[in-house]
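Using this note's numbering, the letters of the sequence shown map in sequence onto residues 35 to 271. Ideal placement from N, C-alpha and C gives every residue a C-beta, glycine not left out.
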Amino acid sequence: MKFLSLIIVLALVMLVVSSPLPKDDNADGVSKNSKSADSKDDSKDSKDDSKVSKDDSKDSKDDSKDSKDDSKDSKDDSKKSKNVSKNASAAAEGASVLQSQKYNDFQISDGVAGKAEEEATALFKDINRDNLAATSEEDLKRIKAVHDVAEDAEVEAFNPAVKSATGPDAEAIQAGKIKNKVLKLEATVLGLQIEEAKGKNVADKLAVEEKKLKKNISLDAEKAGQPSKGVPFDGST
């Protein structure tokens, strides 16, 4: 009887040992969920990388456009620099750098008062003031012609216009007349300086004209910012 019981016990033990363990459904679920989450994260990262790539591509195109614009500006500046250099070189060698112009194209009276000296000087910017003796005779004639046509405009156009105008219009024309005087006297002084540099004795006359120029520059400065009006005049250099 004991022997039989022992056999039964051994049989039960063998049965238990040979039976497979149940699968852990929770573990599988966690594993599957983990894989799914990793897959979604990878997909999100891929989309983010794609977006960054597109942004980088856009930035690259913008940089390329900016580079082209800068290159264009650089070429324009280079072209202007070459033109200035060319005129400066011509002036240094005694070649003519001034062109014949109509008074209405180079007059400085329109606009506002206060910058007549700067505007008048700009008209002769191509003259080499460091070597006035090298100024061509043709350019000297052009400079004297600026004086002549500006003086004619003062007498024949500005004076009658000032007398016939009233109120703010008269004040604006008067301001324009002063600016025209600055232009005329700037040409006078520059012409005398060139003649002096070439050996002509014009010291006394130059001193008188410089005094007149300084006075009218001061009058223009007193009206700085106020309206200034030119008067059309048919004349050229």
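What are the boundary residues of the alpha helix (DSSP H) that Asn250 is part of? In the sequence shown, the residue the question calls residue 250 occupies position 216. Run containing Asn250: 237-256, per the alpha helix (DSSP H) assignment.
Check for me: the alpha helix (DSSP H) holding Ser198 runs from which residue to which? To locate residue 198, count along the sequence shown from 1; it is residue 164. That run of the alpha helix (DSSP H) goes 193-198.
Please classify Val131: does DSSP put it in a helix, a strand, or coil? For the purposes of this step, residue 131 is taken as the residue at position 97 of the sequence shown. Three-state DSSP puts Val131 in coil, outside helix and strand.
Neighbourhood of Ala167 by C-beta distance below 6 Å, restricted to the same chain and skipping five residues each side: Taking the sequence shown and counting its residues from 1, the one referred to as residue 167 is at position 133. In the same chain as Ala167, and ignoring 5 residues on each side of it, the C-beta atoms closer than 6 Å to its own belong to Ala231, Lys232, in chain order.
For the alpha helix (DSSP H) that contains Gly269, what are its first and last residues? Translated into the one-based positions of the sequence shown, residue 269 becomes position 235. That residue, Gly269, is in no alpha helix (DSSP H); it is neither H nor E in DSSP.
Relative to the C-alpha of Lys255, which residue among Val131, Lys213, Val180, Leu240 is closest? Position 221 of the sequence shown, counted from the first residue, corresponds to residue 255. According to the sequence displayed, residue 255 carries Ala and not Lys. If we check each option's Cα against that of Ala255, Lys213 comes out closest.
Gly264 to Thr169, Cα distance in whole Å? Here residue 264 refers to the residue found at position 230 of the sequence shown. Here residue 169 refers to the residue found at position 135 of the sequence shown. Going by C-alpha positions, Gly264 is about 30 Å away from Thr169.
Output the distance between the C-alpha atoms of Asp268 and Lys136, rounded to the nearest integer angstrom. Residue numbering aside, residue 268 sits at position 234 when the sequence shown is read from its first letter. Residue numbering aside, residue 136 sits at position 102 when the sequence shown is read from its first letter. Straight-line Cα distance between these residues: approximately 8 Å.
Helix, strand or coil for Lys215 per DSSP? Locating residue 215 in the sequence shown gives position 181, counting from the first residue. Lys215: helix per DSSP, three-state reduction.
Across which residues does DSSP place Pro261 in a beta bridge pair? For the purposes of this step, residue 261 is taken as the residue at position 227 of the sequence shown. Bridge partners of Pro261: Val146.
Report back the beta-carbon spacing between Lys246 and Leu219 to the nearest angstrom; my notes put them in contact at under 8 Å. Along the sequence shown, one-based indexing puts residue 246 at 212. Along the sequence shown, one-based indexing puts residue 219 at 185. Right, the Cβ-Cβ distance comes to about 5 Å (below 8 Å), so this counts as a contact.
For the alpha helix (DSSP H) that Val183 lies in, which residues bound it at each end? Your numbering for residue 183 matches position 149 in the sequence shown. Counting along the chain, the alpha helix (DSSP H) containing Val183 begins and ends at 171-187.
Would you decide whether Asp238 is buried or exposed? Buried here means 16 or more other CB atoms lie within 10 Å of its CB. Translated into the one-based positions of the sequence shown, residue 238 becomes position 204. Asp238 comes out exposed.
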